[in-house]
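Engineer:
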Amino acid sequence: MRLADFILTHVEHILAEWEIFARGITAGAGMDSLALRDHAQEILLATARDMNSSQSIAQQYEKSRGRGLPQEGGRATLNGASELHAVDRLGCGFDLLEVVSEYRALRTSVLQLWRESNPQADLRDVDDLTRFNESIDQSLTKAVAIYTRRVDQARDLFLAILSHDLRNPLNSIAMSAQLLPHLGADVQEAMECVSQISTNVAVMGRMIGDLLDYTRTRLGAGMPVSPAPMDMRPLGRSLFDEFRTAHPDRAFNFHADGDLNGEWDVDRLRQAISNLLGNAVQHGDPNFPVDLALSGEDAMVFIAVGNGGAPIPPGELGKIFDPLVRGSSAAKPAKNRPGSIGLGLYIARQVAMSHGGDIAVTSTQAAGTTFTIRLPRHPSIRSGRPILDEPHIQTM
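All residue numbers in the sequence shown are consecutive under this note's numbering, ending with 517.
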């Protein structure tokens with residue numbers, strides 16, 4: 122059986138191999154079968170169709186250089202499945218190397234299964250293998266192109282938001298500084314200007330701190346933590362009181378049950394919980410309370426922050442923690458709270474991971490949206506493998 126015909130008659134077997142490989146990738150571990158297979162079937166069928174189409178030497182030359190595709194009925198035989206697959210994988214948290222590895226695994230699976238079928242030798246086998254590799258390479262090229270383009274677009278949007286949000290407090294500081302020399306002996310107005318400067322410096326400091334944390338984790342250094350014995354209950358109560366005072370027009374609930382003692386970095390936990398509470402205030406319906414619940418069970422402690430309101434669209438749940446993918450909200454980004462550049466959920470996840478835990482989100486119309494951090498009481502701290510050298514990382 123020729124290779125293209127083998128692909129068409131063994132699609133299900135090939136897809137099963139694809140699914141097993143994709144599930145082994147960290148981002149794919151929690152995905153269901155439908156999501157893991159994604160557009161794999163369309164990619165396979167497009168590959169077989171491309172292999173069965175006629176191709177001149179000139180077309181093969183152009184195709185090998187990424188400048189053209191064989192035509193069938195006036196359209197390219199390779200459809201847009203690879204682009205759609207890359208965009209979906211980006212949204213699910215797959216990095217570019219993981220997307221590329223899927224194509225490598227697909228190529229290996231097809232050829233291995235074909236060889237194990239003991240096909241009868243055919244003089245056209247070499248040509249079929251060439252056409253197969255050309256088609257997979259073409260699909261991979263299209264996937265990489267759309268993936269990198271989307272990442273570049275998201276990064277540009279992210280930098281634009283950062284620049285805009287930093288400009289506001291900076292302008293306020295500049296205006297207050299210009300006003301101070303003209304106040305003379307008016308101590309009250311001078312103190313108000315100084316207070317305004319201090320407030321805006323703190324806002325910028327939080328933004329820069331978030332950006333620094335993001336940069337460290339993206340470079341592979343991991344979130345730096347220093348665990349020490351602590352009781353999470355006072356921390357939860359402190360943050361509850363802080364947010365209730367800062368938002369007197371909103372209702373807050375606080376619950377703490379069970380043993381909440383463990384070994385964690387108190388400053389990092391404060392950062393993570395504060396980010397989740399800020400996110401709930403920003404995106405939740407003001408007619409519903411914001412809930413902070415702490416609970417201890419056996420070797421684990423749970424931190425849950427919930428709010429009512431419209432649920433997160435199902436298509437965005439998988440990418441809610443990605444700082445550069447905002448789903449439909451990217452088109453109409455919500456105004457960030459002061460001191461936030463949209464990295465709050467990403468940093469909360471990194472804090473959880475740095476303690477050997479994780480974070481999950483559920484969102485329905487009836488129950489609202491709840492983010493839950495799960496932390497082991499005695500985490501085993503493991504640092505990442507940084508791209509930069511350790512001395513450089515320590516100065517960041």
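Glycine included, every Cβ here is placed at the ideal spot set by N, Cα and C.
Label H303 either buried or exposed according to how many other C-beta atoms from any shown protein chain fall within 10 Å of its C-beta, with 16 as the threshold for buried.
Structural biologist: The residue given as residue 303 occupies position 182 in the sequence shown. By the 10 Å Cβ count, H303 comes out exposed.
Engineer: To the nearest angstrom, how far is it from the Cα of H131 to the Cα of G439?
Structural biologist: Position 10 of the sequence shown holds residue 131. Position 318 of the sequence shown holds residue 439. Each residue's Cα considered, the two are about 30 Å apart.
Engineer: Which value, in whole angstroms, describes the spacing of the CA atoms of L381 and D352?
Structural biologist: Working through the sequence shown from its first residue, we reach residue 381 at position 260. Working through the sequence shown from its first residue, we reach residue 352 at position 231. Cα-Cα distance, rounded: 6 Å.
Engineer: Among A167, A266, I146, L165, which residue has its Cα nearest to the Cα of L157?
Structural biologist: Locating residue 157 in the sequence shown gives position 36, where the first residue counts as 1. The candidate whose alpha carbon is nearest that of L157 is I146.
Engineer: Using the three-state DSSP reduction, which class does F142 fall into: helix, strand or coil?
Structural biologist: Against the sequence shown, residue 142 aligns to sequence position 21. Looking at F142 - three-state DSSP - the assignment turns out to be helix.
Engineer: Whole angstroms are fine: how far does the CA of S395 sit from the CA of T493?
Structural biologist: The count along the sequence shown starts at 1 and reaches residue 493 at position 372. The count along the sequence shown starts at 1 and reaches residue 395 at position 274. One C-alpha to the other measures close to 13 Å.
Engineer: Among V387, Q403, G379, which has the Cα closest to the Cα of A367?
Structural biologist: Here residue 367 refers to the residue found at position 246 when the sequence shown is read from its first residue. Cα-wise, what sits closest to A367 is Q403.
Engineer: Tell me, please, which residues DSSP counts as bridged to M296.
Structural biologist: Locating residue 296 in the sequence shown gives position 175, counting from the first residue. Beta-bridge pairing links M296 to no other residue.
Engineer: D406 by DSSP, collapsed to three states: which one?
Structural biologist: Mapped onto the sequence shown, residue 406 falls at position 285. It is coil, neither helix nor strand.
Engineer: Would you mind working out which of H499, G430, L415 sits nearest Q486, comparing C-alpha positions?
Structural biologist: For this step, residue 486 is matched to residue 365 along the sequence shown. Minimum Cα distance to Q486 is reached at G430.
Engineer: Rounded to whole angstroms, what is the Cα-Cα separation between S260 and I164?
Structural biologist: For the purposes of this step, residue 260 is taken as the residue at position 139 of the sequence shown. For the purposes of this step, residue 164 is taken as the residue at position 43 of the sequence shown. So the alpha carbons of these two residues sit roughly 8 Å apart.
Engineer: On the CB-based measure, 16 or more other CB atoms within 10 Å of its CB, does V472 come out buried or exposed?
Structural biologist: Here residue 472 refers to the residue found at position 351 of the sequence shown. Classification of V472: buried, given that the 10 Å Cβ count is 16 or more.
Engineer: Where do the N-terminal and C-terminal ends of the beta strand (DSSP E) with D378 fall, by residue?
Structural biologist: In the sequence shown, counting from the first residue as 1, residue 378 sits at position 257. From DSSP, the beta strand (DSSP E) with D378 extends over 373-378.
Engineer: Within the same chain, show all residues whose beta-carbon is closer than 7 Å to that of G518, passing over the 5 residues directly before and after it, in chain order.
Structural biologist: Residue 518 lies beyond the range of the chain shown here (122 to 517); nothing can be said about it.
Engineer: Report buried or exposed for T168, applying the criterion of at least 16 other Cβ atoms within 10 angstroms of its Cβ.
Structural biologist: Your numbering for residue 168 matches position 47 in the sequence shown. With 16 or more other Cβ atoms within 10 Å, it is buried.
Engineer: T491 and A425 - do their beta-carbons sit closer together than 7 Å?
Structural biologist: Your numbering for residue 425 matches position 304 in the sequence shown. Your numbering for residue 491 matches position 370 in the sequence shown. Contact: yes.
Engineer: Residues in its own chain within less than 8 Å of I141 by CB, not counting five upstream and five downstream?
Structural biologist: On the sequence shown, residue 141 is found 20 positions in, with the first residue counted as 1. Closer than 8 Å at the Cβ level, and outside the excluded window around I141, lies no residue.
Engineer: Which of the three DSSP states, helix, strand or coil, is assigned to A148?
Structural biologist: Here residue 148 corresponds to residue number 27 of the sequence shown, with the count starting at 1. Reduced to three states, the DSSP call for A148 is helix.
Engineer: In the DSSP output, what is D484 paired with across the bridge?
Structural biologist: Along the sequence shown, one-based indexing puts residue 484 at 363. Looking at the sequence itself, residue 484 is Ser, so the reference to Asp does not match. Paired residues: T490.
Engineer: According to DSSP, simplified to helix, strand and coil, what is L415?
Structural biologist: For the purposes of this step, residue 415 is identified with residue 294 of the sequence shown, where counting begins at 1. Residue state, collapsed to three classes: strand.
Engineer: Hey, which unbroken runs of the alpha helix (DSSP H) at 4 residues or more fall wholly within the stretch 219-272?
Structural biologist: Complete alpha helix (DSSP H) runs here, min 4: none at all.
Engineer: Just the Cα atoms here: how many angstroms apart are D362 and F373?
Structural biologist: The residue you call residue 362 lines up with position 241 of the sequence shown. The residue you call residue 373 lines up with position 252 of the sequence shown. Approximately 9 Å between the Cα atoms of the pair.
Engineer: On a CA-only basis, which of S475, A481, V482 is nearest R498? Give me that one, please.
Structural biologist: The residue given as residue 498 occupies position 377 in the sequence shown. Closest by alpha carbon: S475.
Engineer: If you draw a straight line from the alpha carbon of F442 to that of R210, how long is it in whole angstroms?
Structural biologist: One-based indexing of the sequence shown puts residue 442 at position 321. One-based indexing of the sequence shown puts residue 210 at position 89. Those two C-alpha atoms are separated by around 14 Å.
Engineer: Between which two residues does the alpha helix (DSSP H) holding P435 run?
Structural biologist: Here residue 435 is taken as the residue at index 314 of the sequence shown, counted from 1. Segment 435-438, the alpha helix (DSSP H) holding P435.
Engineer: Do P350 and E384 come within 7 Å of each other at the CB atom, strictly closer than that value?
Structural biologist: On the sequence shown, residue 384 is found 263 positions in, with the first residue counted as 1. On the sequence shown, residue 350 is found 229 positions in, with the first residue counted as 1. Cβ atoms of E384 and P350: closer than 7 Å.
Engineer: List the DSSP bridge partners of N382.
Structural biologist: If you number the sequence shown from 1, residue 382 lands on position 261. D352.
Engineer: Please report the Cβ distance between F127 and P240, rounded to the nearest whole angstrom; I am assuming they are in contact, meaning their Cβ atoms lie under 8 Å.
Structural biologist: Reading the sequence shown from its first residue, position 6 is the one you call residue 127. Reading the sequence shown from its first residue, position 119 is the one you call residue 240. The pair is a contact, with the Cβ atoms about 7 Å apart (cut-off 8 Å).
Engineer: Among residues of its own chain, excluding the 5 on either side of S484, which ones have a beta-carbon nearer than 6 Å to its beta-carbon?
Structural biologist: Position 363 of the sequence shown, counted from the first residue, corresponds to residue 484. Cβ within range, chain order: P432, I433, T490.
Engineer: So, under 8 Å CB-CB, R371 and V322 are touching, yes? Tell me the CB distance rounded to an integer number of Å.
Structural biologist: Within the sequence shown, numbered from 1, the residue matching residue 371 stands at position 250. Within the sequence shown, numbered from 1, the residue matching residue 322 stands at position 201. Not a contact, Cβ separation roughly 26 Å.
Engineer: Check A431 in the structure and name its three-state DSSP category.
Structural biologist: Numbered from 1 along the sequence shown, position 310 holds the residue referred to as residue 431. Reduced to three states, the DSSP call for A431 is coil.
Engineer: Under a three-way DSSP split, which group does V422 fall into?
Structural biologist: Position 301 of the sequence shown, counted from the first residue, corresponds to residue 422. Note: V422 maps to strand in three-state DSSP.
Engineer: Per DSSP, what kind of secondary structure is R495 in: helix, strand or coil?
Structural biologist: As a first step, residue 495 must be located in the sequence shown, where it is residue number 374. R495: strand per DSSP, three-state reduction.
Engineer: DSSP state of V132, grouped into three classes?
Structural biologist: In the sequence shown, residue 132 corresponds to position 11, counting from 1. Note: V132 maps to helix in three-state DSSP.
Engineer: Check the DSSP bridge columns for D479 and list the partner residues they point to.
Structural biologist: Sequence index remark: in the sequence shown, residue 479 carries index 358 (1-based). Per DSSP, R495.
Engineer: Leaving out five residues before and five after D406 in sequence, what residues of the same chain have Cβ atoms less than 6 Å from its Cβ?
Structural biologist: Here residue 406 refers to the residue found at position 285 of the sequence shown. Contacts found: G429, G430.
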